[in-house]
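As you go down the protein sequences, you meet chains S and X in turn.
So that you can map any letter, position 410 of the first sequence is 434 in our numbering, and since no number is skipped, the others follow by simple counting.
So that you can map any letter, position 136 of the second sequence is 1466 in our numbering, and since no number is skipped, the others follow by simple counting.
Report on the structure given below.
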Amino acid sequence: MLYNQPNPLEVRILTKRFGLPNSESIDTYLANDGYKAFEKALGMSPDEIINEVKASGLRGRGGAGFPTGMKWSFVPKQSSKPKYIMVNADESEPGTCKDRLLIEYDPHQLIEGILIAGLAVGAQQGYVYIRGEYRYLIDIVDRAIDEAYARGYLGDNILGRGIKFHLATHSGAGAYECGEESALLESFEGKRGNPRIRPPFPAVAGAYQSPTVLNNVETFCAVPPIILQGGAYFAGLGTPKNGGTRLFCLSGHINKPGVYELPMGFNLMRMINEVGGGMRNGRKLKAVIPGGSSCPVLKADECDLAMDFDTLAAAKSMLGSGGVVVMDEDTCMVKAALRIMRFYAHESCGWCIPCREGTAWLRKLLTRFHEGMGTRNDIVLIGDLAKNMLGRTFCPLGDAAALPTISIVEKWEEEFVAHLNGEPCPYDKSSRLVAA
Amino acid sequence: MTFSPELEARFEKFLAKYPADRKRSAMIPMLIYAQDEVGSMTDELIGEVAKRVGASPLNVNEVLTYYSMLHRKPLGKYHVQICTNISCLLVGGEELWNRACKKLGIGHKEVTADGRVSLEEVECMGACSWAPAVQVNYDFYHDVTMAQLEKLIDGLTAGKKPEEITEVQRVNP
Chain S
25 MLYNQPNPLE
35 VRILTKRFGL
45 PNSESIDTYL
55 ANDGYKAFEK
65 ALGMSPDEII
75 NEVKASGLRG
85 RGGAGFPTGM
95 KWSFVPKQSS
105 KPKYIMVNAD
115 ESEPGTCKDR
125 LLIEYDPHQL
135 IEGILIAGLA
145 VGAQQGYVYI
155 RGEYRYLIDI
165 VDRAIDEAYA
175 RGYLGDNILG
185 RGIKFHLATH
195 SGAGAYECGE
205 ESALLESFEG
215 KRGNPRIRPP
225 FPAVAGAYQS
235 PTVLNNVETF
245 CAVPPIILQG
255 GAYFAGLGTP
265 KNGGTRLFCL
275 SGHINKPGVY
285 ELPMGFNLMR
295 MINEVGGGMR
305 NGRKLKAVIP
315 GGSSCPVLKA
325 DECDLAMDFD
335 TLAAAKSMLG
345 SGGVVVMDED
355 TCMVKAALRI
365 MRFYAHESCG
375 WCIPCREGTA
385 WLRKLLTRFH
395 EGMGTRNDIV
405 LIGDLAKNML
415 GRTFCPLGDA
425 AALPTISIVE
435 KWEEEFVAHL
445 NGEPCPYDKS
455 SRLVAA
Chain X
1331 MTFSPELEAR
1341 FEKFLAKYPA
1351 DRKRSAMIPM
1361 LIYAQDEVGS
1371 MTDELIGEVA
1381 KRVGASPLNV
1391 NEVLTYYSML
1401 HRKPLGKYHV
1411 QICTNISCLL
1421 VGGEELWNRA
1431 CKKLGIGHKE
1441 VTADGRVSLE
1451 EVECMGACSW
1461 APAVQVNYDF
1471 YHDVTMAQLE
1481 KLIDGLTAGK
1491 KPEEITEVQR
1501 VNP
């Protein structure tokens, strides 16, 4: 059963098997183009594979949008240490729920992408780091891995071709920070998930200080279609330098929230109105978080734009992880800022002082403000504190906490001012629950 | 310390996943699966896992305090986790949370007197498009209404298992 109905505007490349009976089984996968890309890749040189991925314009789907082919090309060809493929399935960016579906409905597509990455960089071992809360997905991937071993797609002599690749799942235990690549690697090694200073990047010194390809689930899942249909085909689905489709997770005050696969560059207003079914209860749009809670928030009049990495960057926000959170006119932006900051204060690992102290103080200031006990000076202080966190931490969590806060204070200053009179919050109105 | 044969078999698999000199990688997976069986991070469990992965109990303690799913005190048999992060907040996650606290008479990370139910206000659980969302142990509940939450809590406090509360559908049974 699918969690939401597909939309006719979708371009279903990665999700094309979603909804098929037993879509998670290797038989369904094999009957629907499964492992054909891997067999094709077996006849290609590592450079040919990497060039195809480069030509596809595929950029990291975890949020940073780094070109995948280039990332793979950074892995040294000769290495005295074993190389690793690491899958980031620690999906925890607020607003994001797509990797869950890619694993739940089509785990073999992920495995095939991992195998192709292994061929491209010469790795023989892969791990799928899955957040602990996704226990049922760990079971799904474990079963898929067992099937792949049984059918000869994993093991010491894959398909009798003398190629070796082993794959295993790895459970996290609850930590947003472990979705950050270097913290994930620390956690994988059985340590606290504190980030590492870079360089060296994981491509050179990743898991066990060995060369490691580390990508998001969706990034690996895009690889089989790219190899099978060609990088140029995939690139042509999106906008220049933003190849392919991506899974957008629509949530918030819209009529048809859900995960939809749309071409890169799809217009955000069309996404809200035509895919998401428009605003709930006929209310007006106030704000959109375009790609997970770490992104600067867009005002309603900034939302007529193409959803790709470069357009969002030009609009001083980010495409991020694909989590599109839609807020209507009754939303209190101070409360939104506060809830987002509570999250980052909770998840800051405490390694870097600007993040540990900054998020804690911003949480306190925003709490006080939302309770009507803020002062006019606090508005300036919140902005200043947040700006002082930028670029001063090992990992992007500090920036991720600061950026939405800065955008909300700058764009909705009047809402902060409206909280100054000691009255109950003027925006947060009636119940937000949808009647059953 | 003895574990069930199932858990021992799982541990064996875990330890075989990683290079021979990197057994410590198995620590966190072992801790979380062991906690499911033992109930919490007891000193005995910490010592046992430390021994098996070649680390000191101090190493294990240092690691486990980092992770929100690992806890020193036992939780309820059914751990009800309610998300109030942004996507859930926008559609009533906070109201669900407040109602659950009131109904059970307990707060964040507290357990009912009979040890059956515990509550936790959690961060994003990856169900944003089907918000508000609730997890009971590892099972997801999507698009939860107030009426469904009430039925769920009534059922759990009355001694039912989640699968017996048929009025409320788990999405990954």
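Yeah, the Cβ is synthetic: ideal placement off N, Cα and C, and Gly gets one too.
N-terminal and C-terminal residue of the alpha helix (DSSP H) that residue i is part of
| i | result |
| --- | --- |
| residue 394(S) | 377–394 |
| residue 226(S) | Here residue 226(S) belongs to no alpha helix (DSSP H), and DSSP marks it neither H nor E. |
| residue 188(S) | Run containing residue 188(S): none in the alpha helix (DSSP H); it sits in the beta strand (DSSP E), 187–195. |
| residue 1391(X) | 1387–1394 |
| residue 1436(X) | Careful: residue 1436(X) lies outside any alpha helix (DSSP H) and carries neither H nor E. |
| residue 1410(X) | Note, residue 1410(X): premise wrong, no alpha helix (DSSP H); beta strand (DSSP E) at 1408–1413. |
| residue 64(S) | 60–66 |
| residue 165(S) | 159–174 |
Cα-Cα separation between residue i and residue j, rounded to whole angstroms
| i | j | result |
| --- | --- | --- |
| residue 277(S) | residue 1352(X) | 47 Å |
| residue 459(S) | residue 1412(X) | Summary for residue 459(S): the model assigns pLDDT 42, below 50, so the residue's position carries little reliability, and this model does not support an answer. |
| residue 212(S) | residue 245(S) | 22 Å |
| residue 272(S) | residue 122(S) | 7 Å |
| residue 5(S) | residue 1470(X) | Residue 5(S) falls outside the range modelled here, since chain S spans only 25 to 460, and no answer is possible. |
| residue 1335(X) | residue 1378(X) | 16 Å |
| residue 176(S) | residue 356(S) | 55 Å |
| residue 102(S) | residue 79(S) | 24 Å |
| residue 157(S) | residue 233(S) | 27 Å |
| residue 441(S) | residue 192(S) | 53 Å |
| residue 172(S) | residue 1490(X) | 38 Å |
| residue 382(S) | residue 411(S) | 10 Å |
| residue 236(S) | residue 144(S) | 12 Å |
| residue 291(S) | residue 1455(X) | 27 Å |
| residue 1342(X) | residue 196(S) | 18 Å |
| residue 1423(X) | residue 1453(X) | 11 Å |
| residue 1417(X) | residue 361(S) | 13 Å |
| residue 1401(X) | residue 1438(X) | 13 Å |
| residue 449(S) | residue 384(S) | 22 Å |
| residue 180(S) | residue 149(S) | 11 Å |
| residue 56(S) | residue 262(S) | 24 Å |
| residue 444(S) | residue 225(S) | 46 Å |
| residue 1457(X) | residue 104(S) | 42 Å |
| residue 414(S) | residue 423(S) | 5 Å |
Which residues DSSP lists as bridging residue i, in chain order
| i | result |
| --- | --- |
| residue 1471(X) | 1464(X) |
| residue 287(S) | 269(S) |
| residue 108(S) | 149(S) and 236(S) |
| residue 275(S) | 349(S) |
| residue 154(S) | 113(S) and 195(S) |
| residue 263(S) | 266(S) |
Residue span of the beta strand (DSSP E) that contains residue i, given as start and end
| i | result |
| --- | --- |
| residue 1448(X) | 1447–1452 |
| residue 1340(X) | Note, residue 1340(X): premise wrong, no beta strand (DSSP E); alpha helix (DSSP H) at 1335–1347. |
| residue 324(S) | It is not in any beta strand (DSSP E) - residue 324(S) carries neither H nor E in the DSSP assignment. |
| residue 312(S) | 309–313 |
| residue 37(S) | That residue, residue 37(S), is in no beta strand (DSSP E); it is neither H nor E in DSSP. |
| residue 352(S) | 347–352 |
| residue 401(S) | Where residue 401(S) is concerned, there is no enclosing beta strand (DSSP E), although the alpha helix (DSSP H) it sits in stretches over 400–413. |
| residue 1495(X) | Run containing residue 1495(X): none; DSSP gives neither H nor E here. |
| residue 463(S) | For chain S, the structure presents residues 25 to 460; residue 463(S) sits outside this window and is missing. |
Below-7 Å beta-carbon distance, residue i vs any chain B residue
| i | result |
| --- | --- |
| residue 1393(X) | The chain labelled as chain B is not found among the protein chains of the depicted structure, namely S and X. |
| Contacting positions in the region 1447–1474 of chain X - beta carbon closer than 7 Å to chain S | 1453, 1454, 1455, 1456, 1457, 1458, 1459, 1460, 1461, 1465, 1468 and 1472
| request: Using a Cβ-Cβ cut-off of less than 9 Å, list which residues of the region 211–223 of chain S approach chain X; keep chain order. | output: 211, 212, 213, 214, 215, 216, 217 and 218
| query | Touch check for the region 1387–1399 of chain X and the region 185–194 of chain S: three-plus C-beta pairs under 8 Å? | reply | Result no; under three Cβ-Cβ pairs closer than 8 Å.
| request: Report yes or no: do three or more beta-carbon pairs, one from the region 306–320 of chain S and one from the region 423–443 of chain S, lie closer than 8 Å? | output: Yes: at least three Cβ pairs fall under 8 Å.
| message | Counting beta carbon pairs with one atom in the region 240–259 of chain S and one in the region 59–69 of chain S, are three or more of them shorter than 8 Å? | response | yes
| message | Any C-beta of chain X within less than 8 Å: which residues of the region 391–405 of chain S qualify? | response | none
| said: Short of 7 Å Cβ to Cβ, which residues in the region 273–289 of chain S face chain X? | reply: 273, 274, 275, 276, 277, 281, 282 and 283
| field | Against chain X: residues of the region 354–368 of chain S by CB proximity under 9 Å | value | 355, 359, 360, 363, 364, 366 and 367
| task | Output, in sequence order along the chain, the residues in the region 118–152 of chain S whose CB is closer than 7 Å to any CB in chain X. | result | 118, 119, 120, 121 and 124
| Quick one: any contact between the region 108–116 of chain S and the region 30–46 of chain S, if contact means 3 or more CB pairs under 8 Å? | no
| message | Measuring CB atoms only, is the region 421–434 of chain S touching the region 314–325 of chain S, in the sense that at least three cross pairs come out at less than 8 Å? | response | yes
| query | Contact between the region 371–387 of chain S and the region 412–422 of chain S: three or more CB pairs below 8 Å? | reply | yes
| query | Is it a yes or a no for the region 382–393 of chain S touching the region 338–351 of chain S, going by three-plus beta-carbon pairs under 8 Å? | reply | no
| the region 1469–1489 of chain X touching the region 1424–1432 of chain X, judged by at least three CB pairs closer than 8 Å | yes
| field | Three-pair Cβ contact test at 8 Å for the region 81–92 of chain S versus the region 229–242 of chain S | value | yes
| On the three-pair Cβ rule with 8 Å, is the region 1406–1420 of chain X touching the region 1451–1466 of chain X? | yes
| field | chain S contacts from the region 1418–1447 of chain X (Cβ-Cβ distance under 9 Å) | value | 1418, 1419, 1420, 1421, 1422, 1423, 1424, 1425 and 1426
| message | Against chain S, which members of the region 1394–1407 of chain X pass a CB distance test of less than 9 Å? | response | For the region 1394–1407 of chain X, which is checked against every Cβ of chain S, the residues closer than 9 Å are 1394, 1395, 1396, 1397, 1398, 1399 and 1400.
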